[in-house]
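What follows is a single structure, written as structure tokens, with notes after it.
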Amino acid sequence: MVTRVGMEVSIAAAEAIKQANVDVVAAYPITPQTHIVEHLAEVVNNGELDAEFIPVESEHSAMSVCTGSSAAGARSFTCTASQGLALMSEIVYITSSLRLPILMLLANRTLSSPLSIWNDHSDVMSVRDCGWIQVFVENGQEVYDHVFIGYRVAEDHNCLLPFMVNLDGFVLTHVIEPVELLDQEIVDRYLPPYQPLYTLHPDHPVTMGAFAMPALYTETKKAQAEALTDAMPTILKGWQEFGELTGRYYHPVEQYQTEDAKIVLVTQGSLGETASIAIDTLREKGEAVGLVKIRLWRPFPFEEFREAVAGAELVVVMDRAISYGGPGGPLASEIRSALYAEEKHPRVVNFIAGIAGRDVSPEDFMQMIRQARERPGEWYEIYDVRE
Amino acid sequence: MAKPEHEITWKELNVGCVIDEPGNAASYRTGDWRSQRPVYNKDRCIRCGTCYIFCPDMAIKILDDGYIEHDLYYCKGCGICAEECPTEAIAMVDEEE
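See below:
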């Protein structure tokens, strides 16, 4: 039984948090995440959700509170964007090291300066190596679904890692979309109550976040690195079982028209839907083009990606963040690494586009493909710059 | 007691490096940090216990007769006991001597 309603995506996200029956919400309002937190304040205040709503004084405190509450065994939630993520980043790294299954929605917004409230992926890329599971979603339904999937995967004792869901600011957070809401009974079947492995409790004292000397530190980091890589089967299981209950199946790498594609476009987040229109248009003209959308950013799905572009001659990667002084955008760097050891690999061309809310239309994607095809070599450039 | 840290493999660590054995810091030999070691002259000692009170690592034991003994497993060689001793019954000497 599902109910299909028109709903602002932020409200749908907050409703999912309510249905996930979180115990603690600690968040500081920042555009474009505000509506999620506002709605959660309402549902807690109205008694619809039995949770502690902690209106902290900063994002640093938001993540600190969630880290503490998760350590005490509470299902904990926060969400932020841009500067808020930058401010909390000190604790973001600690949460994953402590293996605490917090869920965070990141309403992607560019980092200052210049000051801007609009959408790109420079915020998440600044914490790329923070050790969280990081997923990109494309529409409101995927946001709603990934609240349940996120907690289910994060809290699995084979995983026990924090889970970050990236949703594009405004483009997703502030639009009204049709969303299929799940019956509570289905949510409860999919997402059992959180059973922590360790908790802070005076009856069974433990130490979390202890000091490690050089003689042991390398081993702690190896264990953490393996934990994130080894989370892959748990993530796949979480998606599979969600699919069996709802009919909506998710994959680390989503493919569109890639089967016989000689040119493959690669995107992350909501622009995947726009890109698919460009693919349709080019297909109508008989061009062998396809689209790959990287849903799972960490752990990076190397195998799945290589399979998705097998047979392609040209891969056009669109990044939405700049790695200043680096070899291109962060996504293209990963993709070039994924393909480097392949005997025969496609040419990879990288565009950085859609920076801080600059529109990227289907025509822009077609233009990128044209330029990549015409100009030989493996290069990158910032797209759509006035010279 | 926990294994010495240089023998622990990454697979043996608890999830999140949680320490679930209370008090296992006691097995950590902070004496390894020492560059100077206290040398005790019992003849000068007046058994006032000042060194025992000041030692930040509880590395001084008061014996039954009131005299003291340094526990070099934990003593970091900070020299506070020597500094505070009213009769200069404790002297710090370099470890290599």
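Protein sequence lines, in the order shown, are assigned to chains A and B. In my numbering, each number is its position in the first sequence, counted from 1, plus 9. In my numbering, each number is its position in the second sequence, counted from 1, plus 13. Even glycine gets a Cβ: it sits at the ideal position worked out from N, Cα and C. All values derive from a computational prediction rather than experimental measurement.
Using C-beta distances below 6 Å, list every residue in its chain close to residue i, excluding the 5 sequence neighbours before and after it, in chain order.
| i | result |
| --- | --- |
| arginine 345(A) | Val357 |
| valine 136(A) | Ser98 and Val101 |
| glutamate 194(A) | none |
| threonine 12(A) | Leu190 |
| leucine 209(A) | Ala80 and Ala81 |
| glutamate 24(A) | none |
Have a look at residue i and residue j and give me their C-alpha separation to the nearest angstrom.
| i | j | result |
| --- | --- | --- |
| glutamate 108(B) | aspartate 84(B) | 15 Å |
| glutamine 249(A) | arginine 257(A) | 9 Å |
| histidine 354(A) | leucine 206(A) | 44 Å |
| glutamate 66(A) | tyrosine 37(A) | 7 Å |
| leucine 112(A) | threonine 283(A) | 28 Å |
| alanine 219(A) | threonine 76(A) | 14 Å |
| alanine 81(A) | leucine 170(A) | 15 Å |
| aspartate 45(B) | proline 51(B) | 14 Å |
| glycine 334(A) | tyrosine 389(A) | 12 Å |
| tryptophan 310(A) | valine 394(A) | According to the sequence as given, residue 310(A) is proline; it is not tryptophan. Cα-Cα distance, rounded: 32 Å. |
| glutamine 233(A) | glutamate 82(B) | 43 Å |
| alanine 317(A) | isoleucine 63(A) | 44 Å |
| phenylalanine 148(A) | alanine 83(A) | The question names phenylalanine, yet the displayed sequence has asparagine at residue 148(A). Going by the C-alpha atoms only, they are around 28 Å apart. |
| glutamate 268(A) | lysine 246(A) | 25 Å |
| leucine 254(A) | phenylalanine 157(A) | 12 Å |
| glutamine 380(A) | phenylalanine 374(A) | 10 Å |
| methionine 14(B) | tyrosine 259(A) | Note on methionine 14(B): pLDDT 48, under 50, position unreliable in the model; the coordinate value appears next. In a straight line, the C-alpha of methionine 14(B) is about 46 Å away from that of tyrosine 259(A). |
| alanine 72(B) | isoleucine 66(B) | 10 Å |
| methionine 134(A) | valine 14(A) | 33 Å |
I'd like to check one pair, residue j with residue i: are the Cβ atoms closer than 8 Å?
| i | j | result |
| --- | --- | --- |
| glycine 299(A) | glutamine 277(A) | no |
| isoleucine 20(A) | phenylalanine 86(A) | no |
| arginine 329(A) | isoleucine 364(A) | yes |
| valine 31(B) | methionine 217(A) | yes |
| alanine 270(A) | alanine 221(A) | no |
| glutamine 92(A) | leucine 49(A) | no |
| leucine 76(B) | threonine 229(A) | no |
| valine 215(A) | valine 174(A) | no |
| arginine 47(B) | lysine 89(B) | yes |
| glycine 56(A) | serine 106(A) | no |
| glutamate 96(B) | threonine 63(B) | no |
Leaving aside the five residues before and after residue i along the sequence, list all residues of the same chain whose C-beta is less than 8 Å from its C-beta, in chain order.
| i | result |
| --- | --- |
| aspartate 212(A) | none |
| isoleucine 331(A) | Ser131, Gly338, Ile361, Ile364 and Ile391 |
Residues from the stretch 144 to 167 of chain A in contact with chain B, defined by Cβ distance under 9 Å: His166
Decide if the stretch 31 to 46 of chain A is in contact with the stretch 174 to 184 of chain A; the criterion is three or more beta carbon pairs, one per stretch, under 8 Å apart. yes
For the stretch 29 to 41 of chain B against the stretch 56 to 68 of chain B, are there 3 or more C-beta pairs whose distance is under 8 Å? no
Looking at chain B, which residues of the stretch 82 to 113 of chain A have a Cβ within less than 8 Å of any of its Cβ atoms? Ser106, Leu107, Arg108 and Leu109
For the stretch 22 to 40 of chain B, list every residue whose C-beta sits within 7 Å of some C-beta in chain A, in sequence order. Thr22, Trp23, Leu26, Val28, Gly29, Cys30, Val31, Ile32, Asp33 and Pro35
Give, in chain order, every residue of the stretch 67 to 90 of chain B whose Cβ lies closer than 7 Å to some Cβ of chain A. none
Pairs of beta-carbons, one from the stretch 188 to 201 of chain A and one from the stretch 361 to 376 of chain A, closer than 8 Å: are there three or more? no
Contact between the stretch 379 to 390 of chain A and the stretch 16 to 23 of chain B (3+ Cβ pairs under 8 Å): no
Name the residues in the stretch 227 to 240 of chain A whose C-beta lies less than 7 Å from a C-beta of chain B; which are they? Glu228, Thr229, Lys231 and Ala232
Residues, ordered as in the chain, of the stretch 204 to 216 of chain A that lie near chain B by beta-carbon distance below 7 Å: Leu206, Tyr207, Pro214, Val215 and Thr216
Going along the stretch 90 to 103 of chain B in order, which residues come within less than 9 Å of chain A, judged by CB to CB distance? none
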